[in-house]
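Here the sequence shown stands for residues 1 to 600, numbered as in the numbering used here. We treat Cβ as the ideally placed atom computed from N, Cα and C, and that holds for glycine.
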Amino acid sequence: KLAIENPVEFYRIEVEILDINDNPPEFPGDEVSLRIYELASLGARFPIQPAQDPDVGTNTLQTYHLSANENFNLNVKARTDGRKFPELVLERALDRELRAFHHLILTAEDGGSPPKSSKMHITIQVLDANDNHPVFDRPSYGARLVENSPLGTLVVKLNATDVDEGPNGDIRYSLSSHNSAALRQIFAIDEQTGEIRVQGNLDFEEATVYEIEVEAKDMGSPTMEEHCSVVVEITDVNDNAPEVILTSFSSSLSEDALPGTVVAVIHVRDRDSGEQGKVQCHVPPDLPFQLRKDYEHQYSLLTSTRLDRERVASYNVTVSASDLGSPPLSRHTVLPIALVDVNDNAPQFEQASYEVLVAENNPVGSALVTVSAVDPDSEQNSRLSYSILRAVGTDPGLDPTRYLSIHPTSGQISAKLPFDYEQTTYLQFHVEVSDGGSPALRNRTLVHVFIADQNDNAPRVHFPRAGEDSATQLRISPSIAPLALITKVVAIDADSGRNAWLSYHLVEATEPGLFSVALRSGEIRTTRALQETDASAHELLVVVQDAGEPPLSTAVTLVVLVEERGPEALLGSEAQAADSRGLPTITIYLIASLVLISSV
Numbered sequence: 001k002l003a004i005e006n007p008v009e010f011y012r013i014e015v016e017i018l019d020i021n022d023n024p025p026e027f028p029g030d031e032v033s034l035r036i037y038e039l040a041s042l043g044a045r046f047p048i049q050p051a052q053d054p055d056v057g058t059n060t061l062q063t064y065h066l067s068a069n070e071n072f073n074l075n076v077k078a079r080t081d082g083r084k085f086p087e088l089v090l091e092r093a094l095d096r097e098l099r100a101f102h103h104l105i106l107t108a109e110d111g112g113s114p115p116k117s118s119k120m121h122i123t124i125q126v127l128d129a130n131d132n133h134p135v136f137d138r139p140s141y142g143a144r145l146v147e148n149s150p151l152g153t154l155v156v157k158l159n160a161t162d163v164d165e166g167p168n169g170d171i172r173y174s175l176s177s178h179n180s181a182a183l184r185q186i187f188a189i190d191e192q193t194g195e196i197r198v199q200g201n202l203d204f205e206e207a208t209v210y211e212i213e214v215e216a217k218d219m220g221s222p223t224m225e226e227h228c229s230v231v232v233e234i235t236d237v238n239d240n241a242p243e244v245i246l247t248s249f250s251s252s253l254s255e256d257a258l259p260g261t262v263v264a265v266i267h268v269r270d271r272d273s274g275e276q277g278k279v280q281c282h283v284p285p286d287l288p289f290q291l292r293k294d295y296e297h298q299y300s301l302l303t304s305t306r307l308d309r310e311r312v313a314s315y316n317v318t319v320s321a322s323d324l325g326s327p328p329l330s331r332h333t334v335l336p337i338a339l340v341d342v343n344d345n346a347p348q349f350e351q352a353s354y355e356v357l358v359a360e361n362n363p364v365g366s367a368l369v370t371v372s373a374v375d376p377d378s379e380q381n382s383r384l385s386y387s388i389l390r391a392v393g394t395d396p397g398l399d400p401t402r403y404l405s406i407h408p409t410s411g412q413i414s415a416k417l418p419f420d421y422e423q424t425t426y427l428q429f430h431v432e433v434s435d436g437g438s439p440a441l442r443n444r445t446l447v448h449v450f451i452a453d454q455n456d457n458a459p460r461v462h463f464p465r466a467g468e469d470s471a472t473q474l475r476i477s478p479s480i481a482p483l484a485l486i487t488k489v490v491a492i493d494a495d496s497g498r499n500a501w502l503s504y505h506l507v508e509a510t511e512p513g514l515f516s517v518a519l520r521s522g523e524i525r526t527t528r529a530l531q532e533t534d535a536s537a538h539e540l541l542v543v544v545q546d547a548g549e550p551p552l553s554t555a556v557t558l559v560v561l562v563e564e565r566g567p568e569a570l571l572g573s574e575a576q577a578a579d580s581r582g583l584p585t586i587t588i589y590l591i592a593s594l595v596l597i598s599s600v
């Protein structure tokens, strides 16, 4: 404003300062950095801080220029106040993996003459997006392992790369879910290194080739993955012993089976391959069995000779199967074979004959002897039964079944009646034994039974005989000579041997010294001449005794009467004695009274 005094007046003065282009446009900085995801959409806009130019008019900021590039264009937005704002427009997709940084130059230019300008360096960092999947260095891998590879054996090391960066390029390896559970038990993969190792048992016989599906995943979001296959070939080793499989087997065999009888049909196999899978079979040569090869993997076990259960009742046949590996593997299977008995053996007595001595008067039921037979057969074929045979035409009195019985299973012979030696001294008969087979087989043995005498009979006096009430008189002369035979006592004993050896004894006499009895003959004689003082009647007690143990005896009492009455008198019996000195014959009258006394 302009003030003038007197009068005071005020004037507004406008002074127009004409601008000169003395200022270039200025950016806030010499350079700026932008971070743009590589997957940014085409047409995306990225504002840039504008430049400032204090000049005005045409001298102020008029336009921007962007250095040549393939991806960005420049767009300048003008506001109503005239200010201009630059922005980058994405015209072509970014690819961090091709170019991670873009360096642009933005030039701000005013309208002065000459124009002034300034530049700002724009550095664009392309931020990685997970737009690349991992890539294996080869589409498939191969490996070869022996089937007995130990646990932890390295199979193969995989290698995959991802051109992304950061988590997007961080790779983890794993076995694909397409793999079977069984395969997952055999192989394992290290997720960091990609090493596949053996973690289970390999078996050529289960699988000769394993195809493992492996996947490599990055750690981006979302993740990207790639797959490859690993083919593992398994090399066979001789790790399987042959197997022996019985397709037909009878554990029991009749002992009369003919040679060549099939006992078992055997199938053999070896899960290995090549020579290692070829099998040979054999059985011990000392057994009555042999193997016949029917075809490649089948054998028949046959009998090679006749069998005898009584010699060998059962066999354990070891079938050995060996492969042709190096070293060979083998397996042994034991076949228990029991022989079934047939009735091919007759019973045999332990003795060809039996002799038994039994005393007479034996108790009823007493055991005399046990005959015993054996039968090497078994079960029913060896169950024996005994019986006593009666010979055709045998005297009924000598029929052994009258006196004896035999236990049918034990063979014990027992007495049914007491024996009497005086009636039967000897029995001879056959005992037959038969087995329980069908048909039954039999055998016989001869049994001799000797009856031993017992002293069960007392001597019996046969002479002189006397009736119950009869009496005998004898007249003798008192002048009878010494040693004259008066009479003879005759006795017999039904026993035998010592039991029948008799002796005679004068145990009582009226005149003990007048008569004597001969010990063995029983003759009664005078020992001296009669005297006037001797009694006219003499009683003699004679005892006849056997030699048994204990002895048995019989007593006889004789009464001798001495009379002087003339000629002979005969009283039932007559005895004459001649005097050796020529004396007249004297008739002796004897009255004999017999008393039989039996003592035990």
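Next on the checklist: If distances are taken between C-alpha atoms only, which option among GLN199, PHE27, PRO478, SER33 comes closest to ASP110?
Outcome noted: Among GLN199, PHE27, PRO478, SER33, the Cα nearest to that of ASP110 belongs to PHE27.
Checklist entry - Just curious, the beta strand (DSSP E) that ILE492 is in, first and last residue? => result If you look at ILE492, you'll find it in the beta strand (DSSP E) that goes 490 to 492.
Item to check | Nearest-angstrom Cβ-Cβ length linking LEU367 and VAL244, presumed shorter than 8 Å | outcome: The sequence shown places Ala at residue 367, rather than the Leu named in the question. Contact between ALA367 and VAL244 is ruled out by a C-beta separation of about 58 Å, above the 8 Å threshold.
Item to check | 8 Å contact criterion, which ILE124 and LEU104 should meet: CB distance rounded | outcome: Sure, about 7 Å apart at Cβ, within 8 Å.
Checklist entry - DSSP state of GLU310, grouped into three classes? => result Here GLU310 sits in coil by DSSP.
Next on the checklist: Let's see if you can read the secondary structure: which residues bound the beta strand (DSSP E) around GLN62?
Outcome noted: 61 to 66 is the span of the beta strand (DSSP E), which, as asked, contains GLN62.
Checklist entry - Which residues does DSSP pair with TYR141 in a beta bridge? => result DSSP lists VAL230 as the bridge partner or partners of TYR141.
Checklist entry - Can you tell me whether DSSP reads PRO400 as helix, strand or coil? => result Looking at PRO400 - three-state DSSP - the assignment turns out to be helix.
Checklist entry - Between the region 251 to 258 and the region 328 to 342, do three or more beta carbon pairs fall short of 8 Å? => result With a cut-off of 8 Å, the region 328 to 342 and the region 251 to 258 count as touching, because enough Cβ pairs lie within range.
Checklist entry - Okay, do the region 270 to 290 and the region 317 to 333 touch, 3+ Cβ pairs below 8 Å being the bar? => result They touch, by the three-pair rule.
Checklist entry - For GLU195, which beta-bridge partners are listed by DSSP? => result Partner(s): LYS157.
Item to check | Unbroken stretches of the beta strand (DSSP E), 3 residues or longer, contained in the region 236 to 321 | outcome: Counting only unbroken stretches of 3 or more residues, the beta strand (DSSP E) elements lying wholly within the region 236 to 321 are 243 to 249, 252 to 254, 262 to 269, 279 to 282, 289 to 295, 298 to 303, in sequence order.
Next on the checklist: Less than 8 Å between the C-beta atoms of ASN71 and ARG92, yes or no?
Outcome noted: Cβ distance < 8 Å, so ASN71 and ARG92 count as in contact.
Checklist entry - Which same chain residues, not among the five before or five after SER410, have their C-beta less than 7 Å away from its C-beta? => result Hits under 7 Å: THR370.
Item to check | Counted within 10 angstroms of its Cβ, other Cβ atoms place ILE492 as buried (16 or more) or exposed | outcome: Exposed, by the Cβ-count rule.
Checklist entry - Applying the criterion that 16 or more other CB atoms from any shown protein chain within 10 Å of the CB defines a buried residue, is HIS178 buried or exposed? => result Exposed.
Checklist entry - Could you give the distance in angstroms between the alpha-carbon of VAL364 and the alpha-carbon of ILE451? => result Each residue's Cα considered, the two are about 15 Å apart.
Item to check | Runs of alpha helix (DSSP H) lying entirely within the region 351 to 383, each at least 4 residues, in chain order | outcome: Not a single unbroken stretch of the alpha helix (DSSP H) spanning 4 or more residues falls wholly within the region 351 to 383.
Checklist entry - Around the Cβ of HIS407, are there at least 16 other Cβ atoms within 10 angstroms (buried) or fewer (exposed)? => result HIS407 should be labelled exposed.
Checklist entry - Excluding five sequence neighbours on each side, which residues of the same chain lie with their C-beta closer than 6 Å to the C-beta of LEU417? => result TYR403, listed in sequence order.
Checklist entry - At which residues does the alpha helix (DSSP H) containing ALA182 begin and terminate? => result Segment 181 to 186, the alpha helix (DSSP H) holding ALA182.
Checklist entry - In whole angstroms, what separates the C-alpha of SER140 from that of SER117? => result Between the alpha carbons of SER140 and SER117 lies a distance of about 60 Å.
Next on the checklist: I'd like to check one pair, SER180 with ALA241: are the Cβ atoms closer than 8 Å?
Outcome noted: For the 8 Å CB-CB criterion, ALA241 and SER180 do not form a contact.
Item to check | Cβ-based burial, PHE10 [other Cβ within 10 Å; buried from 16] | outcome: Counting C-beta atoms within 10 angstroms of its own C-beta, PHE10 has fewer than 16 neighbours from the protein chains shown and is therefore classed as exposed.
Next on the checklist: Let me check one thing: in DSSP terms, what residues is PHE450 bridge-paired to?
Outcome noted: DSSP output for PHE450 lists LEU357, TYR426 as bridge partner(s).
Checklist entry - When you compare only the Cα positions, how much space is there between LEU18 and GLY112? => result Between the C-alpha atoms of LEU18 and GLY112 there is a straight-line separation of about 13 Å.
Checklist entry - Hey, GLY220 and PRO134: beta-carbon distance below 8 Å or not? => result Taking 8 Å as the Cβ cut-off, GLY220 and PRO134 do not qualify as a contacting pair.
Checklist entry - Cα-Cα, which of ASN455, VAL209, SER229 is closest to GLY194? => result For GLY194, the nearest C-alpha among the options comes from SER229.
Checklist entry - Counting pairs of Cβ atoms below 8 Å between the region 534 to 543 and the region 505 to 514, do you hit three or more? => result Of all C-beta pairs linking the region 534 to 543 to the region 505 to 514, three or more are shorter than 8 Å, placing the two stretches in contact.
Checklist entry - Where LEU384 and ASP435 are concerned, what is the direct C-alpha to C-alpha distance, given to the nearest angstrom? => result If I take the Cα positions, the gap works out to 4 Å.
Checklist entry - Quick one: Cα of SER382 to Cα of PRO347, how far? => result Between SER382 and PRO347, the C-alpha separation is close to 8 Å.
Next on the checklist: Closest to ILE337 by C-alpha separation, out of LEU302, GLN423, ARG269, ASP456, would be which residue?
Outcome noted: Comparing alpha carbon positions, the residue from LEU302, GLN423, ARG269, ASP456 closest to ILE337 is LEU302.
Next on the checklist: Let's see if you can read the secondary structure: which residues bound the beta strand (DSSP E) around GLN525?
Outcome noted: In the sequence as displayed, the identity of residue 525 is Arg instead of Gln. From DSSP, the beta strand (DSSP E) with ARG525 extends over 523 to 526.
Checklist entry - What is the DSSP secondary structure of THR223, reduced to helix, strand or coil? => result In the structure shown, the three-state DSSP call for THR223 is coil.
Checklist entry - What are the boundary residues of the beta strand (DSSP E) that HIS409 is part of? => result For the record, residue 409 in the displayed sequence is Thr; it is not His. For THR409, no beta strand (DSSP E) segment is defined, and its DSSP state is neither H nor E.
Checklist entry - Would you report the Cα separation of ARG520 and GLN423, rounded to the nearest angstrom? => result When the Cα atoms are used, ARG520 and GLN423 turn out to be separated by approximately 27 Å.
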